[in-house]
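Novice: In UniProt numbering, the protein residues as written are 1 to 203.
1) Find the nearest neighbour of residue 44 within the set 84, 31, 115 and 25, judged by alpha-carbon distance.
2) Kindly confirm or deny that the segment 171-181 and the segment 149-163 touch, where touching means at least three C-beta pairs closer than 8 Å.
3) Taking Cβ positions, are residue 88 and residue 188 nearer each other than 8 Å?
4) Please report the residue range of the alpha helix (DSSP H) in which residue 40 lies.
5) Buried or exposed for residue 50, going by 16 or more other Cβ atoms inside 10 Å?
6) Just to confirm the assignment, what range does the alpha helix (DSSP H) spanning residue 74 have?
7) Here's a check: name, in chain order, each residue in its chain whose Cβ is nearer than 6 Å to the Cβ of residue 55, leaving out the five neighbours to either side.
8) Grab the span of the alpha helix (DSSP H) containing residue 174 for me, first residue to last.
9) Touch check for the segment 90-101 and the segment 57-67: three-plus C-beta pairs under 8 Å?
10) Within 8 Å, do at least three Cβ pairs link the segment 32-42 to the segment 73-91?
11) When we look at the beta-carbon of residue 15 and count the other beta-carbons within 10 Å, is it buried (16 or more) or exposed?
12) Rounded to the nearest angstrom, how far is the Cβ of residue 103 from that of residue 33, given a contact under 8 Å?
13) Quick one: residues in its chain with C-beta nearer than 6 Å to the C-beta of residue 166, no 5 flanking neighbours on either side, listed in chain order?
14) Given a threshold of 16 other Cβ atoms within 10 Å of its Cβ, counted over all protein chains shown, does residue 66 qualify as buried or as exposed?
15) Using only CA atoms, which one of 123, 130 and 29 lies nearest to residue 52?
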């Protein structure tokens, strides 16, 4: 099983469609749970950094919260992403099943979970300032500032790759183009953001 997971992980970066097909054929419910948990923890830590959660909580508390709330975040995001991509894909003529869509959504999180490569270096280098709005130590060091910029660019690139892999995963299970897969992933969230923006403007 671990050998298959390693093969799928490597293939995911080069041939996402074939990797997803292999993942569906060798799917393990137990591994799905672990991927969803890791996805949620990664998502929580990233949001803690983006929202400067360290202004109100210690780094240790954030770590504990990530372990406690991260799995819930992951499950919620997994169900939401599976639902919107499945619904939109069916509207666009997709033929994949709900189960296949859930499996594709699960395995597509591998690039996002891989952000721990970046997070590891960020935590080592920036420590608690990764979660705070004020960063005096980082501001006083050109090396840390440049490192933060480079790691942020890498983090953005991995987010882009996650969307790319997710789009191709949905395209594979629904038997249509990658562009339709991309629309399946972003169309409803994009329309929702647009609606909320218009609503905020009007009110």
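For glycine and all other residues, C-beta sits at the position ideal for the given N, C-alpha and C.
Specialist: Working from what's here:
1) Closest by C-alpha distance to residue 44, out of 84, 31, 115 and 25, is 115.
2) Contact check between the segment 171-181 and the segment 149-163: fewer than three CB pairs, one atom from each, fall below 8 Å, which does not count as touching.
3) Yes, the pair counts as a contact, with Cβ atoms nearer than the cut-off.
4) That run of the alpha helix (DSSP H) goes 29-50.
5) Residue 50 should be labelled exposed.
6) Residues 59-91.
7) Closer than 6 Å at the Cβ level, and outside the excluded window around residue 55, lie 132 and 133.
8) Looking at the DSSP string, the run of the alpha helix (DSSP H) that includes residue 174 is 142-174.
9) No, the segment 90-101 does not touch the segment 57-67.
10) Between the segment 73-91 and the segment 32-42, the count of C-beta pairs closer than 8 Å reaches three or more; the two stretches touch.
11) It is exposed - the Cβ of residue 15 has fewer than 16 other Cβ atoms within 10 Å.
12) Actually they are not in contact, since the Cβ atoms of residue 103 and residue 33 sit about 13 Å apart, beyond 8 Å.
13) These residues qualify, in order along the chain: 108 and 185.
14) So residue 66 ends up on the buried side.
15) Ranking the options by Cα distance to residue 52, first place goes to 130.
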